Amino acid sequence: MTATPEQTVVTSSIAKAYGQTKALSNVNISVDRGSVYGLVGPNGAGKTTLLSLLAGLRTPTSGSIVMVASEVGVLPDTPLFDRWLTGREVVSLARSLAQKEIAEARISEVLETAGLSDAADRKVGGYSRGMLQRLGLASTVVADPDLILLDEPAAALDPKGRKEVLDLVRALKGRSTVIFSSHILDDVEQVCDTIGILSAGEIVYEGSLERLLAIHGTERTYRIDTEDPGAVVASLVDQEWVETVKVVGSSVIVVGSSAVAVRESIVRHAGKLSAPVTAVTPIKRTLEDVFLEVTE
Amino acid sequence: MNLWRLEWLRMLRTYRILVLPGLFILSGLLGPALAKILPDLLKEVSGGIEITVPEPTPYEGIVQYLGNVEQLGLVGIAIFAAMSMSFDAKREIAVFLRSRASIPRIVAPRFVTTFGLAAVSVLIGAGVALILTDVLLGTPPSADVWTGALLFVVYVGFIIAVVTAIASFVRSVLVTSVIAIVALIVSGLLYLVPAVGDALPGRLTRATVELMDGGAFEYWPAIGVTVVLSAGLMWLATNRFAGREV
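Protein chains in written order, with this note's numbering: chain A, -12 to 283; chain B, 272 to 517.
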């Protein structure tokens, strides 16, 4: 297995087990150079395990990983540093441990980008959670790594802190390849080019967000506004083109078995109903709806 | 900033540079002082019974000091070593270090600084004990005490190697410290084993007393075994750390 010049990471059938518990099985992902790849999945799906394997901090039970990166930066979900170090010393230590020579001026530069210039000479024991997260990011990017692995970098931050961290990640696009794990879909939607959805240790989708939403997000779901939702539901439950149907307020939400089938059938069916129908509208589903469907 | 400076700052800012030598200085002060006041203390608690206690000698002052060092000093060094060598105790800090540096690069400064601080502490403690013994009890056998202290420094390397090896099996600082202290106490008792006991690391802890008793310098086998065992334990620990997942 090899990576093409456009790829930074390619995995082949990675599996990881902890004793009898399978954490990952048959994971194949491909991450393009300079992209931001969102690794999405519910808690316990295997995101941290996969990132640890990519970072070389754990060993796969089987499968292989090809990585074309001379410097890899890793940020755990809750960065922690010796409390008695200053922010500047943490970044300086990260710089000194880089594989390549990094100018000292880079320390102040990343601290400023992370919004920590004023707090740089304070002990990190007094930093807030958001500041620690930004310091973690600053110490991760100080060496300009080719590949950056971020484990839930914005989880548990307040909205302002989340925005700051996401802005930092967005700024990395094109300069480094970023693999970004999260269960906050809004974050992923904001910064990622490609996503891989992990569910119970398996990749159940990999591709662009647009493609995901095109496949799962539109055209299969319609809302029927009616004065008699009960009668509409009763008429729909036995239709072979209907996958699910439910009442929400005075509307009926219908999910078809396929986009084509539901589009061809729903208006015709609505016209035949004795119950008065005022509107039939396709619903654009959110990423969250799609995520729940894909991971169930 | 680099990993060596990190360890230097750890010593300074967590006050280890004061606490560990402080333990040995305290031992060096308490040993001769206790030996000096022990006869008076015994008279005080005798309840009217006349007790004849011989005047304390410099020998007793040093023996009291060594008793403190073997207990307090050993526990102190083991705990401080566990605090340094258990770098996997907090996963986030382990990720920071291990994703950037090899295990030997992480371990070397921690071992050297802990060993250096402990060795200096042992020598300072011995110096304090010698001075106070001289002041309170009379001239002690300085050459024997210094030789014994240097042999104890070799044993300090063994203590830190034992702690490092245990830290490569368990992550918690507390558990590492407790197991290490128990292991060191047990290994110290192995000198009772006929034939091999004299060549084991625990022998080095008794060198000062043996030398003051007029014993000859017969510690090369124990020094050799201690150095080889320490190196072996560090090799084991390095390999264990490298294979351990974070």
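Backbone N, C-alpha and C fix where the C-beta goes; we use that ideal spot for every residue, glycine too. This structure is a prediction, so every number in the text was calculated from the model and none was measured.
Per-residue burial, phenylalanine 488(B) [other beta carbons within 10 Å of its own, 16 or more giving buried]: exposed
Delimiting residues of the alpha helix (DSSP H) encompassing leucine 260(A): Where leucine 260(A) is concerned, there is no enclosing alpha helix (DSSP H), given that its DSSP letter is neither H nor E.
From Met354(B), Ala379(B), Gly338(B), residue whose alpha carbon lies closest to that of asparagine 273(B): Ala379(B)
C-beta neighbour in chain A for methionine 282(B), strict 8 Å: no
Isoleucine 348(B) burial status per 10 Å Cβ neighbour count (16 or more: buried): buried
Residue from Trp417(B), Val393(B), Leu471(B) whose Cα sits closest to the Cα of valine 498(B): Leu471(B)
For glycine 347(B), three-class secondary structure by DSSP: helix
Distance between isoleucine 322(B) and glycine 419(B) (C-alpha atoms, nearest Å): 33 Å
Neighbourhood of lysine 110(A) by C-beta, 8 Å cutoff - its chain only, sequence neighbours within 5 removed: Arg70, Trp71, Leu72, Thr73
Chain A contact for glutamate 363(B) (CB, 8 Å cutoff): yes
From Ser(-1)(A), Ala248(A), Ala257(A), Val14(A), residue whose alpha carbon lies closest to that of threonine 213(A): Ala257(A)
Within 9 Å of chain A by C-beta, residues of the region 353 to 379 of chain B in sequence order: Lys361, Arg362, Glu363, Ile364, Ala365, Val366, Phe367, Leu368, Arg369, Ser370, Arg371, Ala372, Arg376
Alpha-carbon to alpha-carbon, leucine 407(B) and alanine 130(A): 60 Å
DSSP three-state assignment for isoleucine 322(B), whether helix, strand or coil: coil
Buried or exposed (CB count within 10 angstroms, at least 16 for buried), alanine 266(A): exposed
Contacts that leucine 277(B) makes with chain A (C-beta to C-beta distance below 7 Å): Leu80
Test item: CB-CB of glutamine 177(A) and valine 152(A) under 8 Å: no
Selection from Thr(-9)(A), Gly31(A), Thr35(A) that minimises the alpha carbon distance to serine 168(A): Thr35(A)
Glutamate 516(B), enclosing alpha helix (DSSP H) - first and last residue: It is not in any alpha helix (DSSP H) - glutamate 516(B) carries neither H nor E in the DSSP assignment.
Interface flag, arginine 121(A) vs chain B, CB-CB below 8 Å: no
Limits of the unbroken alpha helix (DSSP H) element including tyrosine 336(B): 329 to 339
Proximal residues of chain A, C-beta to C-beta of valine 517(B) below 8 Å: Ser39, Leu44, Arg45
Beta-ladder partner(s) of aspartate 138(A), from DSSP: Ser168(A)
Same chain only: Cβ atoms within 7 Å of leucine 343(B), ignoring 5 sequence neighbours per side: Leu294, Ser298
Residues that asparagine 510(B) contacts on chain A, provided the C-beta gap is smaller than 8 Å: Neighbours of asparagine 510(B) on chain A: none; closest Cβ ~14 Å, over 8 Å.
Tyrosine 114(A) - DSSP class collapsed to helix/strand/coil: coil
Completely contained alpha helix (DSSP H) runs for the region 208 to 248 of chain A, where each covers 4 or more residues: 216 to 223
For glutamate 189(A): DSSP bridge partner residues: Ser186(A)
Own chain, CB closer than 7 Å to serine 448(B), minus 5 neighbours either side, in chain order: Ala349, Ile350, Ala353
Proximity below 8 Å, CB of glycine 33(A) to CB of leucine 172(A): no
Chain-ordered residues of the region 430 to 453 of chain B with a beta carbon less than 7 Å from chain C: No chain C is present in this structure, whose protein chains are A and B.
Assigned exposure category for alanine 466(B) - 16 Cβ within 10 Å defines buried: exposed
Segment contact flag, the region 38 to 54 of chain A with the region 215 to 225 of chain A, C-beta cutoff 8 Å, min 3 pairs: no
Distance CB(serine 370(B))-CB(proline 292(B)) smaller than 8 Å: no
Residue nearest to arginine 250(A) in terms of C-alpha spacing, selected from Asn30(A), Lys271(A), Tyr209(A): Tyr209(A)
Whole-angstrom distance between leucine 223(A) and valine 234(A), CA atom to CA atom: 12 Å
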